[in-house]
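Sequence positions in the sequence shown follow our numbering and run -2 to 417.
Backbone N, C-alpha and C fix where the C-beta goes; we use that ideal spot for every residue, glycine too.
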Amino acid sequence: MHTSQKPSTERGSAWALAVLTLCSFTLGTGEIMIAGLLPDIAADAGVSLSTAGLLVSSFAMTVVIGGPVLALTTGRARRRHLLIALMITYVLGNVVSAAATSFWPLAIGRIIAALAHSALMPLFFGIAADVVPPHKRGMAVARVSLGFSLAMIAGLPIGTALGQWLSWRATFWAVAALTLAVAVPVAALAPNTPGISADEDRGRLAELRVLGDRRVQIVTGITALCAAASFTAYTYVTPLLTDAVGFGESAVTPLLLLFGIGGTVGNLIGGRLTDRSVLGAVSVCVAALAGSLLLLGATTSFKTPVVGFLFLFGAAYYAVMPAVNTRLLNVASQQARTLALTVQSSAFNLGTALGGWLGGRVIATGAPLGWLPAVGGGVAVLALVFALVEAAGERRRSPGAEPEATGPAVETPKAAESTV
């Protein structure tokens, strides 16, 4: 049996969530900063831009594959020891990339960092859920997700500017240093207990059983579809804004900043909606994502509405995240929470890769760039169908109850005594 280490005061919870937000900001910056550095990396390494793009896809696919493997093989490890080891690994990956003198050592460094990233984010979400009362779980998860939207608002432009001012290597060194700075406070938050106890470790069947849970399958499917819908358009957002809409290149950075601000607003709204009704929030936020993408695709000939719908796109996309992550926390048993969140992270990264591929296929057919948001909107509509069907099914299973309110995870009797 093991118990969580919950801060005893609201101030303690606020401090814990601030640390976790900074941690997710660090990991988010480390993941997306490559977008602003690719041309310089390609030139320095003597490879084409498309080859340099493998640094992005290899990172995503490492998260997809490595996350579940690490979750299954580290279940008995003490959470604090595991977190420290992963943070050190993340630092190592960025140091290897910063010191690389050719392309392939740089790629190896990115893969090392991605492997640590794949297991760290589920740990951060699990800690966030444990440091607050159950009725505030949605907002706690939203606070951790907020770090990623802040990475887009501040981390990406700062990393790009640092790379232009000094070199692309300086950005990797900076992420390594920031990771070291947050490692000590976040390690203090992690429980010094195994993710699952010896009694709960029955050939991993108890943990693996979560993968057969229909509710887990549906929410991870919704996550993958929402990521695919978003990145069908976002992967090609720069040519979309310049070639299709007609903005100058100087306008792209402010517009991406607007997208990130929308994400920050949407993340907070999504957290509040989730604390009222989890499945209701999932449906509303996915519907908003579908609507914003379809409207963006329908107005690419007009600059003014595009600005507004780009903001709404960012808000809706980031509002989905706390809703689907909280739903997963609620339906996964305690001893399977880390694996479930890792599979969720893999689903997101798989959706990201599929979205980029789908957008590329649309472009390859010769279709206008303005079609990309509409195609993404169609994928989001499919996600909405799954969300509505799941909400309706939950109402049938629990007549007269809310679709789902934020509360304790569904637990087995043994799991109810323990936490990640």
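Got a sec? Which residues, its chain only, sit under 6 Å from residue i by beta carbon, not counting five neighbours each side?
i: residue 175; result: 23
i: residue 95; result: 166, 169 and 170
i: residue 289; result: 306, 309, 310 and 313
i: residue 103; result: 94 and 97
Would you call the CB atoms of residue i and residue j closer than 9 Å?
i: residue 217; j: residue 344; result: yes
i: residue 293; j: residue 380; result: no
i: residue 319; j: residue 136; result: yes
i: residue 30; j: residue 209; result: no
i: residue 69; j: residue 52; result: no
i: residue 317; j: residue 352; result: no
i: residue 274; j: residue 384; result: no
i: residue 365; j: residue 284; result: no
i: residue 372; j: residue 355; result: yes
i: residue 44; j: residue 122; result: no
i: residue 338; j: residue 264; result: no
i: residue 350; j: residue 61; result: yes
i: residue 487; j: residue 250; result: This structure does not reach residue 487, given that the chain is present from -2 up to 417, and the question cannot be answered.
i: residue 326; j: residue 138; result: yes
i: residue 49; j: residue 39; result: yes
i: residue 255; j: residue 304; result: yes
i: residue 276; j: residue 388; result: yes
i: residue 360; j: residue 233; result: yes
i: residue 183; j: residue 17; result: yes
Ignore the nearest five residues each way along the sequence and tell me which others in residue i's own chain have a CB closer than 7 Å to its CB.
i: residue 246; result: 239
i: residue 134; result: 126, 323, 326 and 403
i: residue 425; result: There is simply no residue 425 to check, as the chain begins at -2 and stops at 417 in what is shown.
Pick helix, strand or coil for residue i, following the three-state DSSP scheme.
i: residue 421; result: This structure cannot settle anything about residue 421, because the visible part of the chain is limited to -2 through 417.
i: residue 56; result: helix
i: residue 65; result: helix
i: residue 210; result: coil
i: residue 244; result: coil
i: residue 130; result: coil
i: residue 44; result: coil
i: residue 99; result: coil
i: residue 299; result: coil
i: residue 356; result: helix
i: residue 362; result: coil
i: residue 187; result: coil
i: residue 50; result: coil
i: residue 276; result: helix
i: residue 232; result: coil
i: residue 418; result: No answer is possible for residue 418: it lies beyond the span of the chain, which begins at -2 and ends at 417.
i: residue 146; result: helix
i: residue 164; result: coil
Taking the straight line between their C-alpha atoms, what separation do you get for residue i and residue j?
i: residue 416; j: residue 125; result: Interpretation of residue 416 is limited by its pLDDT of 30, a score under 50 that renders its predicted location unreliable; no figure is taken from the coordinates.
i: residue 120; j: residue 140; result: 14 Å
i: residue 340; j: residue 295; result: 34 Å
i: residue 223; j: residue 12; result: 31 Å
i: residue 322; j: residue 271; result: 10 Å
i: residue 370; j: residue 130; result: 39 Å
i: residue 342; j: residue 56; result: 13 Å
i: residue 362; j: residue 214; result: 32 Å
i: residue 76; j: residue 106; result: 24 Å
i: residue 156; j: residue 146; result: 15 Å
i: residue 393; j: residue 226; result: 29 Å
i: residue 348; j: residue 267; result: 20 Å
i: residue 328; j: residue 299; result: 43 Å
i: residue 386; j: residue 186; result: 38 Å
i: residue 212; j: residue 90; result: 35 Å
Just to confirm my understanding: we take residue i, look at its own chain, exclude 5 residues before and 5 after, and list those with CB closer than 8 Å. What are they?
i: residue 117; result: 20, 24, 80, 83, 84 and 87
i: residue 67; result: 112, 115, 116 and 339
i: residue 301; result: none
With hydrogens ignored, establish whether the beta-carbon of residue i is closer than 8 Å to any heavy atom of the ligand PLP.
i: residue 303; result: Ligands are entirely absent from the displayed structure, and the ligand PLP is therefore not among its contents.
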